[in-house]
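Student: Have a look at the structure that comes next, please.
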Amino acid sequence: MVLVALAGMVVGYWANAAFFPGTSPQQPIDFSHKVHAGDNEIPCQYCHVQARRSVSAGVPSVNKCMGCHLEVATDRPQVRLLTNYWESGEPVPWIKVHDLPDFVHFTHKRHVAAGIECQTCHGAVESMDVVSREAPVKMGLCLACHRENEVEHGTDCWTCHK
């Protein structure tokens with residue numbers, strides 16, 4: 003019994019550390035959401051087109067980025083890195099910042115359809131040069147939001163989370 007409790011504490015500590023706010027992986031290109039979504043006011047769903055129709059918001063293809071960067075800021079070092087990926091036909095190997103555990107079933111499309119702003123979960127991304135987890139994405143955040151907004155729940159959530 004003590005071993006089970008100890009294992010639960012270790013897993014709980016790991017899960018808490020994995021989703022602790024303020025963390026951000028080193029990306030292959032220094033992409034600034036502040037410049038794109040903030041200064042230039044490009045809507046989230048212009049680049050993250052899958053968000054309105056999929057479980058995942060996805061990342062833009064290199065072709066989407068090059069739609070602008072064939073003409074815009076072509077001399078900047080980070081745009082040159084992007085151009086190298088485009089010329090080689092390789093996708094940019096972005097590293098997920100907001101990565102939920104495999105047992106979590108979350109779908110972006112339902113939340114986008116409900117009119118929930120991206121900033122609710124992701125923070126003020128439009129003001130971030132480097133995207134980081136500003137708020138820990140934990141079950142309590144989801145449950146509180148669903149309670150506050152009186153969201154109808156299927157039996158799948160409330161089987162365990164009454």
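As numbered in the numbering used here, residues 3 to 164 make up the sequence shown, in order.
Idealized CB from N, CA, C, for every residue including glycine.
How many whole angstroms separate the CB atoms of residue 135 and residue 106, which I take to be in contact at a CB cut-off of 8 angstroms?
Tutor: Going by Cβ atoms, the distance from residue 135 to residue 106 rounds to 15 angstroms, so no, they are not a contact pair.
Student: Can you confirm whether the segment 29-37 touches the segment 50-60 when touching is taken to mean that 3 or more C-beta pairs between the two stretches lie within less than 8 angstroms?
Tutor: Verdict: no, contact absent.
Student: How is the alpha helix (DSSP H) around residue 120 delimited, first residue to last?
Tutor: For residue 120, no alpha helix (DSSP H) encloses it, and the DSSP letter there is neither H nor E.
Student: Once the 5 residues before and after residue 114 are set aside, which same chain residues still bring their CB inside 8 angstroms of it?
Tutor: 47, 53, 54
Student: Below 7 angstroms CB to CB, which residues in the same chain sit around residue 75 once its five sequence neighbours on both sides are set aside?
Tutor: 81
Student: Assign residue 84 to one of two classes, buried (16 or more other C-beta atoms within 10 Å of its C-beta) or exposed (fewer than that).
Tutor: buried
Student: Touching or not, the segment 60-67 and the segment 87-95, by the rule of three or more beta carbon pairs under 8 angstroms?
Tutor: yes
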